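Numbering-wise (my numbering), the sequence shown opens with residue 173 and increments by one. All residues carry an ideal CB built from backbone N, CA and C; glycine is no exception. Quantities reported herein were computed from a predicted structural model and do not represent experimental measurements.
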Amino acid sequence: MEKLVYLLPILVCPLMMSAMMWMMMRGNHTSAALQPGSQEEIAALRAEVATLRAGQQASTGTGATA
């Protein structure tokens with residue numbers, strides 16, 4: 173009986189790890205799809221990045237140093 177007490181955590185650990193992995197994988201499937209407005213948001217952010225890059229290139233082209 174004493175050996176069972178020592179072996180119980182060793183036997184339970186892989187089962188608990190498997191259960192946690194399964195629960196984490198289950199949660200990822202619900203958030204994997206893009207939200208409806210995210211495509212527009214991505215397009216707006218890309219336009220903002222392009223504007224910032226153009227401004228940065230214009231400022232470095234006039235002799236400004238980074």
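Residue i versus residue j: straight-line alpha-carbon distance, rounded
| i | j | result |
| --- | --- | --- |
| GLN211 | LEU183 | 47 Å |
| ILE214 | MET192 | 33 Å |
| ALA222 | GLN228 | 10 Å |
| ARG218 | GLY199 | 29 Å |
| LEU176 | CYS185 | 14 Å |
| ALA238 | ALA226 | Legend: pLDDT at ALA238 = 48, less than 50; position of this residue unreliable, value from coordinates given subsequently. Taking the straight line from one Cα to the other gives about 15 Å. |
| MET196 | MET188 | 12 Å |
DSSP-derived helix/strand/coil call for residue i
| i | result |
| --- | --- |
| MET173 | coil |
Unbroken alpha helix (DSSP H) runs of length 4 or more, entirely within the segment 178 to 227: which are they? none
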